[in-house]
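Trainee: The following block contains the structure, expressed as structure tokens.
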């Protein structure tokens, strides 16, 4: 495909994103234009500052927003500190990016106190994180209110790297998300990382057979074993996209198709008829459009996810500090 043709396609792609899903669950684009016109720029500057120091903060921010939305909706409940708050649940082990949100919030409170919610900061930071890693950008519908509940016991709603597709599907459906949304949002793993703890059991004695998980391609097994030795550090970090770690692209789906997914839950998406077709669509390279379909669908899925059970109006509060209720 000629460069000029690709330029036209990506121009149309950006126009479609700007024109779609402006209003969603009471949210709207440009919500802070009057009361805090620099809100998005302030969030962006905080994300950029931390990203320039450590690029791995990008998947951390994306995961933080995802984990927030799947529990109590997108209401910043994940940010609350406390002995039994949501962020202390085992499912939220290793969450990162709290300092980025706190930094943005402190600047926003100085600029326009009591206006911008922590929940909206999370949504904006996730968008900016994707953009900084070379992924698509999108207009984030805003107007969320911060919730007043944060409980570790509610974190059971979160997907697990051990979940079969049937359980993944149910957990996403419980949030109003489809199988297509499931595969699309899992694509965030293109810039993600995990601990060897969640990989090694697939490599050496899967289901007590003494062998590797048979869904792993034989060519990928040595590479994964080199990254996560049998007696190595269980907390060693491993990229979830072995082909292009740190770059937001569709190569993650090629890995899933080719048996080189790092997490068991990701690899299972290829073996299930309800999700395989979407993986194939994103992994394909038809007429030079590799990655374009995923880049178009991911923002739509993110806007849908970031609208889960949002609180608006008098349903919550605008926190002065994101880590505690007012």
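Residue numbers (mature numbering (1 follows the signal peptide of the UniProt record, and there is no 0)): -24 to -1, 1 to 302. Note that CB positions come from ideal geometry on N, CA and C, so glycine has one too.
Would you say the beta carbon of residue 219 comes nearer than 7 Å to a heavy atom of the ligand PLP?
Mentor: Of the ligands one can find in the structure shown there are none, so the ligand PLP has no counterpart to examine.
Trainee: Using 8 Å for Cβ pairs, my map puts residue 244 next to residue 159. What's the rounded Cβ distance?
Mentor: Rounded, the Cβ-Cβ distance is 11 Å, inconsistent with contact.
Trainee: Do residue 48 and residue 121 have their beta-carbon atoms positioned less than 8 Å apart in this structure?
Mentor: No.
Trainee: Any contact of the segment 212 to 226 with the segment 109 to 119, i.e. 3+ C-beta pairs under 8 Å?
Mentor: Result yes; three or more Cβ-Cβ pairs closer than 8 Å.
Trainee: To which residues does DSSP link residue 121 through a beta bridge?
Mentor: For residue 121, which the question treats as bridged, DSSP gives the partners 287.
Trainee: Just curious, the beta strand (DSSP E) that residue 255 is in, first and last residue?
Mentor: Not the beta strand (DSSP E): residue 255 falls in the alpha helix (DSSP H), residues 249 to 259.
Trainee: In this structure, how does DSSP classify residue 76 when only helix, strand and coil are distinguished?
Mentor: Looking at residue 76 - three-state DSSP - the assignment turns out to be helix.
Trainee: May I have the straight-line CA-CA distance separating residue 214 from residue 15, to the nearest angstrom?
Mentor: Computed Cα separation, rounded: 34 Å.
Trainee: By DSSP, does residue 213 sit in helix, in strand, or in coil?
Mentor: In the structure shown, residue 213 sits in a strand (DSSP, three-state: E or B).
Trainee: For residue 7, which residues of its own chain have a beta-carbon under 8 Å away from its beta-carbon, when the five flanking residues on both sides are left out?
Mentor: Contacts found: 96, 117, 118, 119.
Trainee: Tell me which residues share the same chain as residue 300 and place their Cβ nearer than 7 Å to its Cβ, disregarding the 5 neighbours each side in the sequence.
Mentor: Closer than 7 Å at Cβ, skipping near neighbours: 56, 57.
Trainee: Using the C-alpha atoms, what's the distance from residue 294 back to residue 263?
Mentor: In this prediction, residue 263 scores a pLDDT of 49, lower than 50, which makes its location untrustworthy; no coordinate-derived value is stated.
Trainee: Taking just the CA atoms, how far does residue 89 sit from residue 169?
Mentor: Residue 169 and residue 89: Cα-Cα distance of roughly 35 Å.
Trainee: By Cβ distance, which residues of its chain are closer than 7 Å to residue -3, with the 5 residues on each side in sequence left out?
Mentor: Note that residue -3 scores 41 on pLDDT, short of 50, meaning its location in the model is unreliable; the coordinates nonetheless yield the value given after this. Hits under 7 Å: 4, 5, 117.
Trainee: If you scan the segment 145 to 224 from start to end, which runs of the beta strand (DSSP E) of 3 or more residues do you find wholly inside it?
Mentor: Within the segment 145 to 224, the complete beta strand (DSSP E) runs of at least 3 residues are 169 to 171, 213 to 215.
Trainee: For the alpha helix (DSSP H) containing residue 94, name the first residue and the last one.
Mentor: Residues 94 to 108.
Trainee: Please classify residue 198 as buried or exposed, where buried requires at least 16 other C-beta atoms within 10 Å of its C-beta.
Mentor: Per the 10 Å Cβ criterion, exposed.
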